[in-house]
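Reviewing the structure listed below.
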Amino acid sequence: MKVNTVLIVFVVIALTAPILYLFRYIQMDNDPLEEEMLWI
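The numbering of the sequence shown is the working numbering, which starts it at 2 and goes up by one.
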């Protein structure tokens, strides 16, 4: 059970990481100042 859970979490992260990266890149491209404020 634990191994399956870890695998599922790893797959979810692997699938969502590129999407989040692209989303952040698009946000930074549109409004870099707003992105900096979100990180603070």
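We put the beta carbon where it would ideally sit given N, CA and C, even for glycine. Fair warning: this is a prediction, and the values are worked out from it, not measured in the lab.
> Between the C-alpha atoms of VAL12 and ALA18, what's the straight-line distance to the nearest angstrom?
Replying inline: If you number the sequence shown from 1, residue 12 lands on position 11. If you number the sequence shown from 1, residue 18 lands on position 17. Whole-angstrom Cα-Cα distance: 10 Å.
> Any idea what DSSP makes of ILE41, helix, strand or coil?
Replying inline: For the purposes of this step, residue 41 is identified with residue 40 of the sequence shown, where counting begins at 1. The pLDDT assigned to ILE41 is 47, lower than 50, so where the model puts this residue is not dependable; a value taken from the coordinates is nonetheless given after this. In the structure shown, ILE41 sits in coil (DSSP, three-state: anything other than H, G, I, E or B).
> So, is the C-beta of ILE27 closer than 9 Å to a C-beta in chain B?
Replying inline: Looking for chain B here will not work: only one protein chain is present.
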